[in-house]
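>
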Amino acid sequence: MEIVFLAFILMLSIFLGFELINKVPATLHTPLMSGSNAISGITLVGALTSAGAEHTVLATVLGTIAVAMATINVIGGYMVTDRMLAMFKKKGGAK
Numbered sequence: 130m131e132i133v134f135l136a137f138i139l140m141l142s143i144f145l146g147f148e149l150i151n152k153v154p155a156t157l158h159t160p161l162m163s164g165s166n167a168i169s170g171i172t173l174v175g176a177l178t179s180a181g182a183e184h185t186v187l188a189t190v191l192g193t194i195a196v197a198m199a200t201i202n203v204i205g206g207y208m209v210t211d212r213m214l215a216m217f218k219k220k221g222g223a224k
C-alpha cells in the first residue's frame with residue numbers, strides 16, 4: 130500500500146511541477162533559477178555530509194553520487210542564470 134501512496138505523490142509532484150513551470154512568465158525565470166540554485170547549494174551541503182559521514186559503503190557511494198549530481202545542478206543553474214542575465218544587458222557597452 131505504501132508504494133501506491135509514494136507513486137501517487139510522485140505523479141502529483143510531476144503534474145504540479147509541469148503546470149507551475151509552464152505558467153511562469155519568461156521575465157521571472159532568472160529570479161526563480163537563482164532561488165533554485167540556493168536550494169541546490171543546500172542539497173550539496175547535505176550530500177557532502179552524507180558522503181563524509183563514514184556510515185556504510187553504500188551510504189558513502191550514494192552520498193558521492195549525490196555530491197556529483199548536486200554540483201552539476203548548481204553549475205548548470207548558474208550558467209543558465211548568467212545567460213538569462215546577459216539577455217537583459219544593453220548592447221554596445223553602454224554603462
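Sequential numbering of the sequence shown, starting at 130, is according to our numbering.
Just so you know, even glycine gets a beta-carbon here, dropped at the ideal spot from N, CA and C.
1) If I follow the unbroken alpha helix (DSSP H) through leucine 135, where does it start and stop?
2) From the DSSP output, in three-state form, read off alanine 197 for me.
3) Output the distance between the C-alpha atoms of leucine 157 and threonine 172, rounded to the nearest integer angstrom.
4) State buried or exposed for serine 169, treating a residue as buried only when at least 16 other CB atoms are found within 10 Å of its CB.
5) Short check: CB of threonine 210 to CB of methionine 162, under 7 Å?
Considering the structure as presented:
1) 131-152
2) helix
3) 23 Å
4) buried
5) yes
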